[in-house]
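**Q**
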Amino acid sequence: MGIRKYKPTTPGRRGASVSDFAEITRSTPEKSLLRPLHGTGGRNAHGRITTRHKGGGHKRAYRMIDFRRNDKDGVNAKVAHIEYDPNRTANIALLHFLDGDKRYIIAPQGLSQGDIVESGANADIKPGNNLPLRNIPAGTLVHAVELRPGGGAKLARSAGSSIQLLGKEGT
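Dropping the structure here:
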């Protein structure tokens, strides 16, 4: 991931840096995985402003992210594209499964276009793979962790966040 640093032409630009989006491989999202996203503009059901200074901005569509991946155990998938998601800080990866299914996942650092990812208890420990915590050795950094098995990822879903598995009890 490259970082573009700005020259200090103004006080606001001094020290400013942004991603150069070099890892993004596709500009248009997969239409079958899009849903409309309606903004409230800070208004409640009665139309009254309940939170000031909300609203505006560019129109967005919600990308359906698969936070479970438990129904695809044993089915390998190829990373077709790494895409930008305006609704979250992390990039997303479009997976093409061998059975023809397409899904988005949160793209971890180190995942690139053309990689093969897998799910299930027998999956290797590498970026993008999905496996139970009982099969991961202590000290490993993981992301998108479920609080309850089958409940979907709840922890460490934003860009750059991770959880270190310190130990296991009762396994």
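Here the sequence shown stands for residues 518 to 688, numbered as in my numbering.
All residues carry an ideal CB built from backbone N, CA and C; glycine is no exception.
(1) Among I633, I680 and S636, which has the Cα closest to the Cα of A655?
(2) When burial is assigned at 16 or more other CB atoms within 10 Å of the CB, is N639 buried or exposed?
(3) Hey, could you find the ends of the beta strand (DSSP E) R620 is sitting in?
(4) Does DSSP put R577 in a helix, in a strand, or in coil?
(5) By DSSP's criteria, I566 is part of a beta bridge. Which residues make up the other side?
(6) Which stretch, first to last residue, makes up the beta strand (DSSP E) that contains I520?
(7) With DSSP collapsed to three states, give me the class of L612.
(8) What is the residue span of the beta strand (DSSP E) that I599 lies within?
(9) In angstroms with no decimal places, state the Cα-to-Cα distance between R674 and F614.
(10) Might you give, ordered along the chain, the residues of its own chain that have their beta carbon closer than 7 Å to the beta carbon of G649, omitting 5 neighbours on each side?
(11) Suppose you measure from the CA of S678 to the CA of Q626; what does that come to, to the nearest Å?
(12) Hey, R580 and L550: beta-carbon distance below 8 Å or not?
(13) Let me make sure I understand the geometry here. Which of D588, T527 and L554 has the alpha-carbon closest to that of D616?
(14) Please report the distance separating the alpha-carbon of I541 from that of E600.
(15) Determine the direct distance from the alpha carbon of P525 to that of I704, and round the result to whole angstroms.
(16) On a Cα-Cα basis, can you pick out the residue from Y523, R577, A661 and R530 that is closest to P553?
(17) Please check the pair A624 and N608, which I expect to be a contact at CB under 8 Å, by giving their CB distance rounded to whole angstroms.
**A** According to the data block:
(1) Comparing Cα-Cα distances from A655 to each of I633, I680 and S636, the minimum goes to I680.
(2) So N639 ends up on the exposed side.
(3) Where R620 is concerned, the enclosing beta strand (DSSP E) stretches over K619 to I623.
(4) Coil at R577, not helix or strand.
(5) According to DSSP, I566 bridges with R560.
(6) Boundaries of the beta strand (DSSP E) around I520: I520 to K522.
(7) It is a strand residue.
(8) For I599, the uninterrupted beta strand (DSSP E) segment begins and ends at A594 to E600.
(9) Those two C-alpha atoms are separated by around 22 Å.
(10) A small fix is needed here, since residue 649 is Pro in this sequence, not Gly. Sequence-distant partners of P649 (beyond 5 residues in either direction) whose C-beta falls short of 7 Å from its own C-beta, in its chain, are A638.
(11) Their Cα atoms are separated by approximately 10 Å.
(12) It is a contact, given that the beta carbons lie within the stated cut-off.
(13) It is D588.
(14) Rounded to whole angstroms, the separation of the alpha carbons of E600 and I541 is 5 Å.
(15) Look at the range of the chain in this structure, 518 to 688, and you will see that residue 704 is not part of it.
(16) Closest by alpha carbon: R577.
(17) The C-beta distance from A624 to N608 rounds to 4 Å, short enough to meet the 8 Å contact threshold.
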